[in-house]
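Below you'll find the structure, written out as structure tokens, and then a few comments.
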Amino acid sequence: MTISNVVIAIAMKAEASPFVNHINLQHDTSFFPSEAPSNAFRGKHNNGTGVENVGTVPATVATFLTLQKMNVADEDPAHLLINAGTCGGFQRKGAAIGDVFLTTAVANHDRRIAIPDFTPYGTGRIESTSVENLAIHLDAKLGVCTTGNSLDFHELDTHHMLENDASVKDMEAAAIAWAAEIWSTPYFGEKPSHEEFMENLVTAAQSLQSVLPKLMIMFARRSMMSCRRT
Numbered sequence: 002m003t004i005s006n007v008v009i010a011i012a013m014k015a016e017a018s019p020f021v022n023h024i025n026l027q028h029d030t031s032f033f034p035s036e037a038p039s040n041a042f043r044g045k046h047n048n049g050t051g052v053e054n055v056g057t058v059p060a061t062v063a064t065f066l067t068l069q070k071m072n073v074a075d076e077d078p079a080h081l082l083i084n085a086g087t088c089g090g091f092q093r094k095g096a097a098i099g100d101v102f103l104t105t106a107v108a109n110h111d112r113r114i115a116i117p118d119f120t121p122y123g124t125g126r127i128e129s130t131s132v133e134n135l136a137i138h139l140d141a142k143l144g145v146c147t148t149g150n151s152l153d154f155h156e157l158d159t160h161h162m163l164e165n166d167a168s169v170k171d172m173e174a175a176a177i178a179w180a181a182e183i184w185s186t187p188y189f190g191e192k193p194s195h196e197e198f199m200e201n202l203v204t205a206a207q208s209l210q211s212v213l214p215k216l217m218i219m220f221a222r223r224s225m226m227s228c229r230r231t
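Numbering (my numbering), first residue to last: 2 to 231.
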């Protein structure tokens, strides 16, 4: 399959702006309903969504509406969704500030539903599309991204992060993957890691800027199969 339509879902303006400016994406004010707290930027290289709000609720809404518009209204479906955004990295999994991780899977660590049949739903683990060879090409690391709606965390969160075998932690990935799965859109996350959020936001955003244009060029030339392990 040739990949020509790619959605980039990004939570914060500071993360999105360098990439939007680098490849000269244009603000599309008609893309989302006026009630949606989201912004869309489009161009010939790709289709990207920069979302000012953080957390799983706005991420789900923005991603769902984006894929709905592209798959139904535009009749020009998305072939791939990349969740690009900063995250916290765990040293025990080999993460250092500025490292770029491609997700192998996503899961929630704060949706604790202590009813046996609902426990897996609460965790909500979703496998990412396979990108092992892509990680080698980009000199990126691979790992699970665990998602929660709080920047801080407590002992229960830590327990579930360990159960999720998480390499990195963010506030949107599992929600974005859930919306992508509804629309049967292949998904993976591209996550530069940081430690103290505000202090290292610039460093992590620069990592996004260095990797995302490479991804766009690569997907313009290759099929999805070429990004998978052979």
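For every residue, glycine included, the Cβ atom is placed at its ideal position computed from N, Cα and C. It should be emphasised that the depicted structure is a prediction, and the values quoted were computed from it without experimental measurement.
Task: Three-pair Cβ contact test at 8 Å for the stretch 154-166 versus the stretch 75-85 - done: no
Open item on the list: Could you check whether Val169 and Ser194 sit closer than 8 Å to each other, using their CB atoms as the reference points?
Closed with: yes
TODO: Answer yes if the stretch 135-147 comes into contact with the stretch 106-115, meaning at least three C-beta pairs across the two stretches below 8 Å, and no otherwise.
DONE: yes
Task: His80 versus Trp184, Gly123, Gly190, Phe32, residue with shortest Cα-Cα distance - done: With respect to the C-alpha of His80, the residue from Trp184, Gly123, Gly190, Phe32 having the closest C-alpha is Trp184.
Open item on the list: So if DSSP puts Gly125 in a beta bridge, which residue, or which two residues, is it bridged to?
Closed with: Looking at the DSSP assignment, Gly125 forms no beta bridge with any residue, so it has no partner.
Open item on the list: Based on DSSP bridge pairs, tell me the residues matched to Val7.
Closed with: Leu81
TODO: In angstroms with no decimal places, state the Cα-to-Cα distance between Ala180 and Leu103.
DONE: 18 Å
TODO: Would you decide whether Phe119 is buried or exposed? Buried here means 16 or more other CB atoms lie within 10 Å of its CB.
DONE: Exposed, because fewer than 16 other Cβ atoms sit within 10 Å of the Cβ of Phe119.
Task: Ranges of the alpha helix (DSSP H) found wholly within the stretch 112-179, counting only runs of at least 4 - done: Taking only runs of at least 4 residues, the alpha helix (DSSP H) segments lying wholly in the stretch 112-179 are 120-124, 133-139, 156-164.
Task: Residue span of the beta strand (DSSP E) that contains Val249, given as start and end - done: Lying outside 2 to 231, the shown extent of the chain, residue 249 is not represented and no answer is given.
Open item on the list: For Ser35 and Arg93, what's the separation of their Cα atoms in angstroms?
Closed with: 44 Å
Task: Among Ile177, Gly99, Ala37, Glu173, the one whose alpha carbon lies nearest that of Asn150 - done: Glu173
Task: Where the beta strand (DSSP E) through Ala106 begins and ends - done: 101-109
Task: the stretch 111-131 touching the stretch 18-25, judged by at least three CB pairs closer than 8 Å - done: no
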